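Numbering (the working numbering), first residue to last: 2 to 150.
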């Protein structure tokens, strides 16, 4: 993430797309861009950024049976932002506020079969998750079941 000369704010820059780098004049607004980054970094999951009005709240409750501590370690290791809370000995809740909830979908899907509850202030996230679950049930069982609240 950085500032491109002539651009309005911060942007993600792919290193494999940089063709040339040269020393330019000193950026008098460095501290402004640093403050902007610091204010937004706790809401970043992937490459999407935004403003306070773009923030989505997500809560995912997963089960981890006795002997499956690796699930909890994986939540902690891969979460990027947010927090993991122990609800019971076998239930954990991941809570995050992020700019683009849909960026989390591939990661959320890796917990299918363990997700007991998924809530989001972005209705599209829950809708997409429910559609994915229905499609899986249909593929494997030939019928649609909705066990996830």
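By construction, the Cβ of each residue, glycine as well, lies at the ideal position given by its N, Cα and C atoms. As the structure is a prediction and not an experimental result, all values here were calculated from the model.
In whole angstroms, what is the alpha-carbon distance linking residue i and residue j?
i           : j           : result
residue 70  : residue 86  : 14 Å
residue 1   : residue 120 : Residue 1 falls outside the range modelled here, since the chain spans only 2 to 150, and no answer is possible.
residue 46  : residue 108 : 11 Å
residue 5   : residue 11  : 7 Å
residue 118 : residue 42  : 26 Å
residue 19  : residue 28  : 19 Å
residue 110 : residue 82  : 17 Å
residue 36  : residue 104 : 24 Å
residue 153 : residue 101 : Residue numbering for the chain in the displayed model covers 2 to 150; residue 153 lies beyond these limits and cannot be assessed.
residue 14  : residue 80  : 22 Å
residue 8   : residue 78  : 34 Å
In the structure shown, what three-state DSSP assignment does residue i receive?
i          : result
residue 91 : coil
residue 73 : helix
residue 79 : helix
residue 35 : helix
residue 18 : helix
Assuming residue i and residue j form a contact by the criterion Cβ under 8 Å, report the distance between their Cβ atoms to the nearest whole angstrom.
i          : j           : result
residue 72 : residue 99  : About 21 Å; that fails the 8 Å criterion.
residue 57 : residue 123 : 4 Å
residue 91 : residue 128 : Going by Cβ atoms, the distance from residue 91 to residue 128 rounds to 28 Å, so no, they are not a contact pair.
residue 96 : residue 84  : 5 Å
According to DSSP, residue i sits in a beta bridge with which residue or residues?
i          : result
residue 10 : Answer is none; residue 10 lacks a bridge partner.
residue 3  : 12
TODO: Mind listing, in chain order, the continuous beta strand (DSSP E) runs of no fewer than 3 residues lying wholly within the region 84-140?
DONE: 84-89, 92-99 and 116-121
- [ ] Enumerate, from N- to C-terminal direction, the unbroken beta strand (DSSP E) stretches of 3 or more residues contained entirely within the region 37-71.
- [x] 57-64
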